[in-house]
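Residues in the sequence shown are numbered consecutively from 410, following the numbering used here. C-beta atoms are modelled at their ideal positions from N, C-alpha and C, and glycine is treated no differently. First up is the structure itself, then whatever we jot down about it.
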Amino acid sequence: MADASGPSVAARDDLAGVVDLFGWLTRAELSRALSELAFKQRTEVDEDAIDAAIDLAVAEYALVPAPSGALSGGGADDIANGDGGAGEEGNDESTTLAVGPAAFPTLPAGAEDLPHILDVPDREVDREALADAVLERLREEAVEAIGAGDDDRLETLADVTYDVEAWAPVDVDPVRTRILAEVDE
């Protein structure tokens, strides 16, 4: 799933494609889906590589933790807290993940069989509620990156603002303006 330099953009888009098949998945369900794909493709399952690919997809907004208020369908009522179980890093097994603004979802080979293998009920995501959560996360991460003086992260977040703007009807201009002012200093 990953080479020595880490997961590729194509891998992140494949992860988004798998999540898109279902509407949303928990991190554990996505990990299981990727393990099933590896088995179908007769490749070894590398749990560390799967975790790294999911972490990177979340960090780069290809996948986003979805709050329970944005979820409907099978299992949505079982999500206990309002942040979708996202926690600080979004890496808890119960974290609910949806396709994010930086993704171009693609289906990896064999993925079309996953709905039958995983037996996950129909699910949907309320894009408006998800967009609000993504904008809030973007604001928080921008403040953290500014406080830490993390120019690399700020540049990534600046790129994400354009993705968010194209993805959902939210006003990201104040966040982008602040990020770009900090990067240009």
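Proximity of residue i and residue j at Cβ, strictly below 7 Å
i    : j    : result
A540 : A511 : no
R548 : V584 : yes
E533 : G482 : yes
D429 : V508 : yes
L465 : G519 : no
L434 : L506 : yes
6 Å CB neighbourhood of residue i in its chain, flanking five on each side removed
i    : result
A495 : Low confidence applies to A495: its pLDDT is 43, below 50, so where it sits in the model is not reliable enough to give any reading.
G478 : A538
I588 : A551, L563, L566 and A567
D580 : none
Own chain, CB closer than 7 Å to residue i, minus 5 neighbours either side, in chain order
i    : result
R562 : A554
R536 : A577
D560 : V592
Residue range of the alpha helix (DSSP H) that includes residue i
i    : result
S444 : R436 to K449
V584 : D582 to D593
V454 : Premise fails: V454 is in no alpha helix (DSSP H) and is neither H nor E.
D487 : Here D487 belongs to no alpha helix (DSSP H), and DSSP marks it neither H nor E.
Residues bridged to residue i [DSSP beta-bridge criterion]
i    : result
L506 : L434 and P474
Same chain only: Cβ atoms within 8 Å of residue i, ignoring 5 sequence neighbours per side
i    : result
R441 : L527
F513 : D422 and A425
Buried versus exposed call for residue i [16 or more other C-beta atoms within 10 Å across all chains shown]
i    : result
F431 : buried
Y470 : buried
T452 : exposed
P517 : buried
E545 : exposed
D572 : buried
E502 : exposed
E498 : Low per-residue confidence applies at E498: pLDDT is 47, beneath 50, and the placement is therefore not dependable, though the value from the model is reported in the following sentence. Result: exposed.
P476 : buried
A542 : buried
T586 : exposed
Range of the contiguous beta strand (DSSP E) that encloses residue i
i    : result
E533 : R532 to V534
L480 : L480 to G482
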